[in-house]
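A.B. asks:
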Amino acid sequence: MSVSAFDRAKSSEYKEEFYADGGKLFCRFCKIVIDHKHKSVIDNHRHSKKHQTYIEIEKTLSSQSQKTRQTTIISHYKLLSESEQINLDFLYLRKKIVTLLK
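The opening residue of the sequence shown carries number 50 in the working numbering; numbering runs sequentially from there.
Encoded structure:
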């Protein structure tokens with residue numbers, strides 16, 4: 050019986066390190082396709098020096114990204130839009146008050 054890439058990826062043993070897409074098993078850290086048909090091939094990859102190095106790199110990068118968060122252009126745009134909306138609301142209310150006081 051053949052095990053699919055999806056079945057391998059969702060198993061508790063591999064789900065943290067691998068994912069399936071298009072019937073292929075990918076290593077999350079090394080960004081390569083792994084032969085999912087033989088468990089020994091997956092296990093050999095997991096124990097390889099290359100894989101261990103990429104895991105360490107990922108840990109280092111994730112700890113650094115927690116220290117300094119990068120914002121996206123969209124989040125800046127949304128903040129700008131909210132700020133502009135507040136300004137427009139303020140001007141609208143000010144105009145209403147001035148009109149009422151006349």
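Glycine included, every Cβ here is placed at the ideal spot set by N, Cα and C. Computed from a prediction, not measured in an experiment: that's the story for all the values here.
CA-CA distance, Gly71 and Ser53?
C.D. replies: Each residue's Cα considered, the two are about 11 Å apart.
A.B. asks: How should Phe139 be labelled, buried or exposed, when 16 other C-beta atoms within 10 angstroms of its C-beta is the threshold for buried?
C.D. replies: Per the 10 Å Cβ criterion, exposed.
A.B. asks: Beta strand (DSSP E) containing Asp84: first to last residue?
C.D. replies: Counting along the chain, Asp84 falls outside any beta strand (DSSP E), and DSSP gives it neither H nor E.
A.B. asks: Could you round the C-beta distance between Glu152 and Arg77 to whole angstroms and report it? I think they count as a contact, below 8 Å.
C.D. replies: The structure shown does not extend to residue 152, since the chain is modelled only from 50 through 151, so no value can be given for it.
A.B. asks: Which two residues bound the contiguous alpha helix (DSSP H) that contains Phe55?
C.D. replies: Taken as a continuous stretch (DSSP letters only), the alpha helix (DSSP H) holding Phe55 covers 54–59.
A.B. asks: Whole angstroms are fine: how far does the CA of Tyr141 sit from the CA of Leu150?
C.D. replies: Going from the Cα of Leu150 to the Cα of Tyr141 covers about 14 Å.
A.B. asks: For Tyr68, write down the residues that DSSP places opposite it in a beta bridge.
C.D. replies: Looking at the DSSP assignment, Tyr68 forms a beta bridge with Phe75.
A.B. asks: With C-beta atoms as the reference, is Glu95 less than 8 Å away from Leu74?
C.D. replies: It should be pointed out that residue 95 corresponds to Arg in this sequence rather than to Glu. Not in contact: Arg95 and Leu74 (Cβ atoms no closer than 8 Å).
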